[in-house]
Amino acid sequence: MNKTDVLIIGAGPTGLFCAHQLGIIGLSCEIVDNLDKAGGQCIELYPDKPIYDIPAIPECTGEELTNNLLQQIKPFNVKFHLNERVEELKKVENRWHVKTSSKQEFDVASIVIAGGVGSFEPRKFPVKDCEKFEGSSLFYSIKDKTIFKDKTISIFGGGDSALDWAIELSNTSKVNLIHRRDGFSGAESSVQKVKELSEQGKLNLYTKYQIDTVSGDKNIEIVKIKHDDGETKELKTDYVLGFFGLIMQLGPILDWGLNINKKTVEVNTENFETNIDGIFAIGDICSYPGKLKLILSGFHEGALAARGCFKYAKPDEKLRFEFSTTSKAAQERLGVKK
Amino acid sequence: MAKITYNTHDGKTHTIEVQNGLTVMEGAVQNDIPGIDADCGGGMACATCHVYVNEEWLDKLPTKEDGEEDMLDMAFEPKQNSRLSCQLTVSDELDGLVVNIPSKQA
């Protein structure tokens with residue numbers, strides 16, 4: 008059981024800055040995120056796109072913003088739990104117990120949901136039968152590539168993941184690459200490589216085709232694909248891989264009894280607490296009259312939510328308002344006191 | 012102003028007057044038309060405002076910018092007449108546009 012004052016759900020800019028605000032008022036926190044790195048949408052959706060509306064930073068990329076925030080919270084030694092999704096929530100006396108997808112448990116005084124538009128999950132095939140084979144002969148990510156050796160693999164998608172895996176697996180497997188159009192969104196060099204491999208007969212390329220059905224007994228044996236003009240083909244295959252990027256889903260948070268409105272959590276604007284005492288929501292995931300989905304708004308919300316957490320973590324103490332320029336306590340926590 | 016018709020997957024038809032300058036996505040979201048998620052808020056980064064445009068309108072719409080087709084690769088059941096509604100800015104020329112909202116966005 009990990010015991011800390013506050014559990015932050017989501018390591019995007021809002022969650023990271025909230026960790027800073029908690030640290031500076033002397034509260035401890037840990038952060039859970041379903042992605043494999045911090046940064047949230049900034050890293051997953053637009054790492055290289057410039058952002059122009061962070062106060063006092065005329066221009067920075069999502070990646071730079073994330074790195075700066077990580078730098079800013081360094082003094083607080085915040086523990087990250089990546090590749091984990093929060094699942095269960097239980098109230099135990101005055102504390103919250105939270106369990107994650109990999110069965111980690113947290114015992115915390117309060118929770119700050121900074122989950123953006125939800126946790127990132129792989130986009131799946133629209134075909135219903137795919138569910139039956141998911142995890143055995145159908146995957147949306149690759150954990151152990153050795154299982155594909157000498158097998159036939161049908162890869163769907165046109166982005167970098169699809170192209171990179173098609174190229175790599177073509178060394179040891181028979182690869183079919185299926186994509187809905189002639190153009191690809193992946194790197195031009197990968198597209199060229201795939202076309203070369205296709206011309207050399209080392210990979211079968213099917214463009215303007217999409218998945219139609221999958222069939223098989225325990226494992227997939229046949230994947231049927233359909234051309235834009237309606238023609239279908241049946242491909243024998245041992246595995247099917249789909250790479251359609253990530254989609255954001257609220258997931259188990261929906262079952263926590265929070266007031267949810269259009270995929271967002273309703274909060275007050277005093278401290279961004281939800282309808283449940285001790286659970287706060289900040290950033291894109293929260294809604295209130297006048298809400299703006301800007302990073303700067305998330306920073307403000309995080310600062311107030313952090314102060315809202317104080318009374319749950321230290322019920323017998325009173326929080327005094329202080330400036331970081333002059334507060335000795337804050338400077339000690341930041342490790343900058345001379 | 013343009014009248015935009017949104018056919019939702021449950022068979023209902025919603026015709027709305029949408030102000031020039033808003034996108035077809037915003038017209039749907041502001042009027043609570045179900046089925047357009049627009050998770051990224053119009054940044055062409057998520058493909059959850061995907062619509063099928065009625066054939067006769069396909070050629071009359073602004074052409075796809077770089078990146079829209081890439082994003083449509085990720086959409087749920089993309090077709091030839093797929094567009095991202097966040098990329099369709101409403102003007103008088105779009106008066107009468109009909110879009111069909113897919114069964115799901117993901």
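Those protein sequences? They're chains G and B, same order as listed.
Numbered by my numbering, the letters in the first sequence go through residues 8 to 345 in order.
Numbered by my numbering, the letters in the second sequence go through residues 12 to 117 in order.
Just so it is clear, CB atoms sit at the ideal spot from N, CA and C, and this is done for glycine as well.
Element boundaries [alpha helix (DSSP H), containing leucine 76 of chain G]:
69-79
Applying a beta-carbon distance threshold of less than 8 Å, which residues of chain B neighbour proline 129 of chain G?
Chain B residues near proline 129 of chain G: none, gap ~10 Å exceeds 8 Å.
List the DSSP bridge partners of valine 99 of chain G.
G:Arg102
Less than 7 Å between the C-beta atoms of serine 148 of chain G and tyrosine 246 of chain G, yes or no?
Serine 148 of chain G is not a Cβ neighbour of tyrosine 246 of chain G, given a cutoff of 7 Å.
Taking a contact to mean a Cβ-Cβ separation below 7 Å, would you say methionine 36 of chain B touches serine 96 of chain B in this structure?
yes
Do you know offhand how far valine 201 of chain G's Cα is from serine 192 of chain G's?
13 Å
Touching or not, the stretch 165-177 of chain G and the stretch 217-230 of chain G, by the rule of three or more beta carbon pairs under 8 Å?
Inter-segment contact for the stretch 165-177 of chain G and the stretch 217-230 of chain G is absent: fewer than three beta-carbon pairs are separated by less than 8 Å.
According to DSSP, glutamine 217 of chain G sits in a beta bridge with which residue or residues?
G:Lys233
Would you call the CB atoms of serine 114 of chain B and histidine 25 of chain B closer than 7 Å?
no
On a CA-only basis, which of G:Ser35, G:Asn101, G:Val124, G:Phe83 is nearest aspartate 291 of chain G? Give me that one, please.
G:Val124
Go to valine 272 of chain G, then tell me how far its beta strand (DSSP E) extends in each direction, as first and last residue.
271-273
What residues from the stretch 23-54 of chain B come within 7 Å of chain G, judged by C-beta to C-beta, listed N to C?
Residues of the stretch 23-54 of chain B whose Cβ lies closer than 7 Å to any Cβ of chain G, in chain order: Asp50, Cys51, Gly52.
Own chain residues within Cβ distance below 6 Å of aspartate 189 of chain G, not counting five before or after:
Thr214
Limits of the unbroken beta strand (DSSP E) element including cysteine 57 of chain B
Premise fails: cysteine 57 of chain B is in no beta strand (DSSP E) and is neither H nor E.
How many Å lie between glutamine 116 of chain B and isoleucine 267 of chain G at the Cα?
19 Å
Considering leucine 176 of chain G, what are the terminal residues of the alpha helix (DSSP H) in which it resides?
Here the alpha helix (DSSP H) through leucine 176 of chain G covers 167-176.
Quick check: the Cα distance between alanine 56 of chain B and tyrosine 319 of chain G, rounded to an integer number of angstroms?
C-alpha separation (whole angstroms): 38 Å.
If you draw a straight line from the C-alpha of aspartate 171 of chain G to the C-alpha of glycine 252 of chain G, how long is it?
14 Å
DSSP three-state assignment for threonine 16 of chain B, whether helix, strand or coil:
Of the three classes helix, strand and coil, the one that applies to threonine 16 of chain B here is strand, per DSSP.
With serine 197 of chain G as the anchor, note down where its alpha helix (DSSP H) starts and where it stops.
195-206
Just the chain G side, please: which residues come within less than 7 Å of aspartate 81 of chain B by C-beta, in chain order?
Ser192
DSSP has arginine 94 of chain B in a bridge; who is on the other side?
B:Val62
What's the call for aspartate 50 of chain B, buried or exposed, on a 16-neighbour Cβ count within 10 Å?
buried
Checking contacts by CB at 7 Å: is valine 124 of chain G closer than that to chain B?
yes
Who are the Cβ neighbours of leucine 34 of chain G in its own chain at under 8 Å, not counting the five residues just before and after it?
Asp12, Val13, Ala313, Cys316, Phe317, Ala320, Lys321
Does lysine 231 of chain G have its Cβ less than 7 Å from a Cβ in chain B?
Lysine 231 of chain G does not count as touching chain B.
Cβ contact (3+ pairs, closer than 8 Å) linking the stretch 297-305 of chain G and the stretch 277-284 of chain G
no
With distances taken from CA atoms, which of G:Ile32, G:Leu23, G:Lys10, G:Gly22 is nearest arginine 327 of chain G?
G:Ile32
Nearest to valine 119 of chain G by CA position, among G:Gln48, G:Pro296, G:Val274, is which residue?
G:Val274
Going along chain B in order, which residues have a C-beta closer than 9 Å to the C-beta of leucine 52 of chain G?
Cys51, Gly54, Ala56, Cys57
Return the residue from the list G:Asn211, G:Val230, G:Ser205 that minimises the CA-CA distance to glutamine 217 of chain G.
G:Val230
Taking DSSP as the reference, what is the three-state secondary structure of isoleucine 403 of chain G?
The displayed coordinates of chain G run from 8 to 345. Any statement about residue 403 of chain G would go beyond what the structure contains.
Tell whether a beta-carbon distance below 7 Å holds between leucine 42 of chain G and phenylalanine 113 of chain G.
no
Answer with buried or exposed for asparagine 42 of chain B, where buried requires no fewer than 16 other C-beta atoms within 10 angstroms of its C-beta.
Result: exposed.
Would you list the residues sitting across from leucine 341 of chain G in a DSSP beta bridge?
Per DSSP, none; premise fails for leucine 341 of chain G.
Lysine 139 of chain G, enclosing alpha helix (DSSP H) - first and last residue:
137-140
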